[in-house]
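Contents: one structure, followed by commentary.
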Amino acid sequence: MRIEMLVVGPLYTNCYLVWCQSTGKALIIDPGFSSRSELELVLGHVEKNDLEVVSIVNTHGHPDHVAGDALLKRETGAPVVIHRLDSELLARAPEVGLLFGLRMEAVEVDGFLDEGNVLSFGQERLRVMHTPGHTPGSITLLGDGVAFTGDTLFMGSIGRVDFPESSPKDMAKSLRRLMELPDETEVYPGHGPKTTIGDERINNPFVAMALETGEI
16 MRIEMLVVGP
26 LYTNCYLVWC
36 QSTGKALIID
46 PGFSSRSELE
56 LVLGHVEKND
66 LEVVSIVNTH
76 GHPDHVAGDA
86 LLKRETGAPV
96 VIHRLDSELL
106 ARAPEVGLLF
116 GLRMEAVEVD
126 GFLDEGNVLS
136 FGQERLRVMH
146 TPGHTPGSIT
156 LLGDGVAFTG
166 DTLFMGSIGR
176 VDFPESSPKD
186 MAKSLRRLME
196 LPDETEVYPG
206 HGPKTTIGDE
216 RINNPFVAMA
226 LETGEI
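For the sequence shown, my numbering assigns the number 16 to the initial residue and increments by one for each residue that follows.
Structure follows, in structure tokens:
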């Protein structure tokens with residue numbers, strides 16, 4: 016599995032291009048951009064590596080992670096997928112995005128994800144873990160030694176849980192589940208640098224709180 020991280024949009028979202036080296040089948044995770052120039056940047060990486068995008072995956076429905084869905088869908092023909100519990104957030108994203116300088120088109124969802132679903136691209140697989148807290152439908156995508164955590168887990172921090180749709184209780188449960196992964200698991204978050212489960216177990220104060228008290 017090959018992974019390229021592209022930082023896009025006004026909130027510096029990590030957009031991931033993930034592909035199977037044997038077949039060139041690829042996923043794009045969290046295309047949080049709305050500008051034509053950033054669309055061309057992402058498509059340039061697709062073309063450079065001779066890839067076929069087979070799915071556009073949203074880890075959750077906030078505009079800084081979904082703003083490029085419609086643009087990418089139009090250019091690649093790939094389906095857009097998200098957890099069902101974040102479908103309402105995705106529908107509201109064009110309006111909410113204006114508050115953050117993101118002008119985006121509404122997009123029709125092609126499929127809904129849930130716990131245990133598997134996304135296949137060539138010979139590679141990513142499994143869906145439902146990790147609510149930041150949003151009701153937040154997901155983590157698990158592969159061989161990797162976890163794409165969206166806005167659930169960052170290096171040294173976690174996603175906000177003070178939005179109306181957020182749940183600190185659910186976030187604590189999700190963090191505890193993530194800490195069941197092997198320490199060497201590489202974490203590719205929605206913002207900021209990558210880290211590992213082991214490093215976050217030791218250094219992340221929010222993880223420590225969740226493990227010790229079951230709360231955030």
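Note that CB positions come from ideal geometry on N, CA and C, so glycine has one too.
Exposed or buried, residue i, counting other C-beta atoms within 10 Å across all chains shown (16 or more means buried)?
| i | result |
| --- | --- |
| alanine 162 | buried |
| proline 220 | exposed |
| phenylalanine 235 | Not covered by the structure: residue 235. The range shown for the chain is 16 to 231. |
| proline 208 | exposed |
| glycine 59 | exposed |
| isoleucine 217 | exposed |
| leucine 196 | buried |
| serine 37 | exposed |
| threonine 210 | buried |
| leucine 87 | buried |
| aspartate 185 | buried |
| alanine 108 | buried |
| glutamate 227 | exposed |
| leucine 21 | buried |
Is it the case that the CB of residue i approaches a heavy atom of the ligand HEM more closely than 6 Å?
| i | result |
| --- | --- |
| isoleucine 44 | With respect to small molecules bound, the structure shown includes none, and the ligand HEM cannot be examined in it. |
Mind checking whether residue i and residue j have CB atoms under 7 Å apart?
| i | j | result |
| --- | --- | --- |
| glutamate 215 | valine 222 | yes |
| valine 69 | alanine 93 | yes |
| leucine 157 | arginine 142 | yes |
| serine 49 | alanine 82 | yes |
| glycine 171 | threonine 74 | no |
| glycine 116 | proline 25 | yes |
| arginine 175 | alanine 225 | no |
| proline 67 | glycine 39 | Looking at the sequence shown, residue 67 is not proline but glutamate. Yes, the Cβ-Cβ distance between glutamate 67 and glycine 39 is below 7 Å. |
| isoleucine 44 | tyrosine 31 | yes |
| leucine 42 | valine 23 | no |
| serine 102 | threonine 146 | no |
| serine 182 | threonine 167 | no |
| asparagine 29 | glycine 148 | no |
Give the C-beta separation of residue i and residue j to the nearest angstrom, bearing in mind that I take them to be a contact with Cβ-Cβ under 8 Å.
| i | j | result |
| --- | --- | --- |
| threonine 150 | glycine 76 | 6 Å |
| proline 78 | methionine 16 | Going by Cβ atoms, the distance from proline 78 to methionine 16 rounds to 28 Å, so no, they are not a contact pair. |
| isoleucine 212 | methionine 194 | 7 Å |
| cysteine 35 | glycine 126 | So it is not a contact: roughly 20 Å between Cβ atoms. |
| leucine 104 | glutamate 180 | 7 Å |
Along the beta strand (DSSP E) that carries residue i, what are the first and last residues, could you check?
| i | result |
| --- | --- |
| valine 69 | 67-72 |
| leucine 141 | 139-145 |
| serine 135 | 133-136 |
| phenylalanine 127 | 126-128 |
| lysine 40 | 40-44 |
| arginine 17 | 17-23 |
| leucine 32 | 28-34 |
| leucine 157 | 154-158 |
| histidine 98 | 95-98 |
Alpha helix (DSSP H) containing residue i: first to last residue?
| i | result |
| --- | --- |
| histidine 206 | Per DSSP, histidine 206 belongs to no alpha helix (DSSP H) and is neither H nor E. |
| phenylalanine 221 | 220-228 |
| threonine 167 | It is not in any alpha helix (DSSP H) - threonine 167 carries neither H nor E in the DSSP assignment. |
| valine 81 | 78-81 |
| histidine 60 | 51-63 |
| threonine 91 | 84-91 |
| valine 111 | 102-112 |
| aspartate 198 | First-last for aspartate 198: undefined, no H or E at that position. |
| serine 182 | Careful: serine 182 lies outside any alpha helix (DSSP H) and carries neither H nor E. |
Can at least three beta-carbon pairs, one atom from the segment 118-132 and one from the segment 95-104, be found at a separation below 8 Å?
-> yes
Pair every Cβ in the segment 160-176 with every Cβ in the segment 192-209, then say whether three or more of these pairs are closer than 8 Å.
-> Yes, the segment 160-176 is in contact with the segment 192-209.
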